[in-house]
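Here's the structure, in structure tokens; my notes come after.
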Amino acid sequence: MISVTDIETAADRLRDVVVRTPLLRNAELDRRANGTALIKPECFQSIGSFKIRGAYNLLSQLTPEQAKRGVVAWSSGNHAQGVALAGKLLGIHAAIVMPE
């Protein structure tokens, strides 16, 4: 089970890596929701997706032996971009396998 401490630790790991995205309001969405609808624009991340968060958090916890072996990701989209960037930032070889 993921604890609040786990989340806080992950946030610390990501502090200097990801963009702190704002929460935005939109009057039309609020009206349609009959309440407050908040938008978190993760498209502001350098790769245009929130996927860098999970990829970097995981790769940064690899042991030196695991990091030396590198990682493989099977993805044709945002997850692949997140793994590739996290690997680059951490100096870990990342092979991205894309389906045809």
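The opening position of the sequence shown corresponds to residue 2 in the working numbering, with each subsequent residue numbered one higher. All residues carry an ideal CB built from backbone N, CA and C; glycine is no exception. These numbers come from a predicted model, not from an experiment.
What's the gap between the Cα of A85 and the Cα of E29? Indexing the sequence shown from 1 puts residue 85 at position 84. Indexing the sequence shown from 1 puts residue 29 at position 28. Their backbone Cα atoms lie some 37 Å apart in a straight line.
Which residues in the same chain as V19 place their Cβ atom closer than 7 Å to its Cβ, once the five residues preceding and following it in sequence are excluded? Within the sequence shown, residue 19 is the residue found at index 18, counting from 1. Cβ within range, chain order: Q46, I53 and R54.
Is there contact here, the region 31 to 43 with the region 67 to 74, by at least three beta-carbon pairs under 8 Å? no
Excluding sequence positions up to five away, which residues of its chain have a Cβ less than 6 Å from the Cβ of A56? As a working mapping, residue 56 is identified with position 55 in the sequence shown. Correct list, in chain order: G83, V84 and A87.
Quick check on L24: does DSSP put it in helix, strand or coil? As a working mapping, residue 24 is identified with position 23 in the sequence shown. In the structure shown, L24 sits in coil (DSSP, three-state: anything other than H, G, I, E or B).
Hey, out of A81, T22, L90 and L60, whose CA is closest to G97's CA? Here residue 97 refers to the residue found at position 96 of the sequence shown. This sequence places Ile at residue 97; Gly is not what is there. Checking every option, the nearest Cα to that of I97 belongs to A81.
Suppose you measure from the CA of D7 to the CA of L39; what does that come to, to the nearest Å? For the purposes of this step, residue 7 is taken as the residue at position 6 of the sequence shown. For the purposes of this step, residue 39 is taken as the residue at position 38 of the sequence shown. One C-alpha to the other measures close to 24 Å.
If you run the structure through DSSP and keep just helix, strand and coil, what is A11? One-based indexing of the sequence shown puts residue 11 at position 10. Correct three-state label for A11: helix.
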